[in-house]
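**Q** I'd like to ask you about the structure that follows.
In our numbering, the protein residues as written are 6 to 270.
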């Protein structure tokens, strides 16, 4: 009986340590009601385009030949098996139909020639193309979008994977929402963002429980960023808590049966 009590005590301790407070999974828990949270403006965190980036370029003008070249909307819908899809919304479609920045940092466009665009933001490149188009086209309207803005979300999220962003910017909270949020085993105090650069991969540790996360230069994600949500240090104990409970219940039943048999004797 003493051994049984010791066993019960041991499993009780394990059950206690396997529990976590829900406060550990609360985002921005230091924010007060009606507080204005200050953070970095999106324009200061915009991605500077690099060689290999793929752009969607649309130019509309009074020149029909230009419209046929630069208006993908007129030809981008294709029927396959009775269903239409947009060429530019798939990685392979972007690769085949987009305009890639070459190794020299140039964007080669039909009729407009080479344009040096590397190191500029998406909006700046749109202005560069607009200026060039205005030299030879009347009433040209230029639209430029980045097609290969992808991020990878891994670790303790419900749907890890590679996600494509078709907005001008995306922040860390939005990226986690795309992955259907974190699991109950996640630690959101140390979410890692790994950002590729010419010097190597730079890492950032962000605390999503604090409003200071908005001040991190990694809060707004860049193309090819990796977001890694790490597990809580007690994850193994939490995963095994059900097994502990099952073992404890089995031992309890066995002791009860043995005690009943001894009484009958």
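Think of the CB as a built atom: it goes at the ideal place given N, C-alpha and C, for glycine as much as any other residue.
#1: Measure the C-alpha to C-alpha separation of residue 111 and residue 228 and round it to an integer number of angstroms.
#2: Please look up how many angstroms separate the CB atoms of residue 165 and residue 184, rounded, as I've assumed it's under 8 angstroms.
#3: Taking residue 193 as the reference, which of 170, 123, 236, 221 has the closest Cα?
#4: Using a Cβ-Cβ cut-off of 7 angstroms (strictly less than) and excluding sequence neighbours within five positions of residue 68, which residues of its own chain qualify?
#5: Spatial neighbours of residue 62 within its chain, please: C-beta separation below 6 angstroms, excluding the five flanking residues on both sides.
#6: Below 8 angstroms on the Cβ atoms is my contact criterion, and I expect residue 223 with residue 213 to pass it. Report the Cβ-Cβ distance as a whole number of Å.
#7: Let me make sure I understand the geometry here. Which of 37, 155, 161, 132 has the alpha-carbon closest to that of residue 147?
#8: For the beta strand (DSSP E) containing residue 73, name the first residue and the last one.
#9: Inspect the beta-carbon positions of residue 175 and residue 226 and report whether they are closer than 8 angstroms.
#10: Given a threshold of 16 other Cβ atoms within 10 Å of its Cβ, counted over all protein chains shown, does residue 271 qualify as buried or as exposed?
#11: State the CB to CB distance for the pair residue 156 and residue 171, rounded to an integer number of angstroms; the pair is presumed to be in contact (CB under 8 angstroms).
#12: In three-state terms, what does DSSP make of residue 152?
#13: Compute the beta-carbon to beta-carbon distance between residue 116 and residue 74, rounded to the nearest angstrom, for a pair I have assumed lies under 8 angstroms.
#14: For residue 202, does the three-state DSSP call read helix, strand or coil?
#15: Please go through the same chain and pick out, in chain order, the residues whose beta-carbon is closer than 7 angstroms to the beta-carbon of residue 34, but skip the five residues on each side of it.
#16: Within 10 angstroms of its Cβ, does residue 88 collect 16 or more other Cβ (buried), or is it exposed?
#17: DSSP has residue 106 in a bridge; who is on the other side?
#18: Relative to the alpha-carbon of residue 135, which residue among 64, 48, 266 has its alpha-carbon at the smallest distance?
#19: Going by alpha carbons, who is nearest to residue 152 out of 161, 173, 30?
#20: Give a yes or no on whether the C-beta atoms belonging to residue 202 and residue 145 are separated by under 8 angstroms.
**A** Let me lay it out:
#1: 19 angstroms
#2: 6 angstroms
#3: 236
#4: Exclusion of the five residues before and after residue 68 leaves 142 as the residues of its chain whose Cβ lies within less than 7 angstroms of its Cβ.
#5: If we look at residue 62 and ignore the five residues flanking it on each side, its Cβ neighbours are 104, 149.
#6: The pair is not a contact, with the Cβ atoms about 12 angstroms apart (cut-off 8 angstroms).
#7: 132
#8: Note, residue 73: premise wrong, no beta strand (DSSP E); alpha helix (DSSP H) at 69 to 75.
#9: yes
#10: Past the boundaries of the shown model lies residue 271; the chain is included only from 6 to 270, so the question cannot be answered.
#11: Not really, about 12 angstroms apart at Cβ, beyond 8 angstroms.
#12: Here residue 152 sits in coil by DSSP.
#13: 7 angstroms
#14: strand
#15: So the qualifying residues of the chain are 28, 214.
#16: At residue 88 the pLDDT is 43, less than 50, meaning the model places this residue with poor confidence; the figure from the coordinates comes in the next sentence. Looking at its Cβ environment, which holds fewer than 16 other Cβ atoms inside 10 Å, residue 88 is exposed.
#17: 112
#18: Looking at 64, 48, 266, the one whose alpha-carbon comes closest to that of residue 135 is 64.
#19: 173
#20: no
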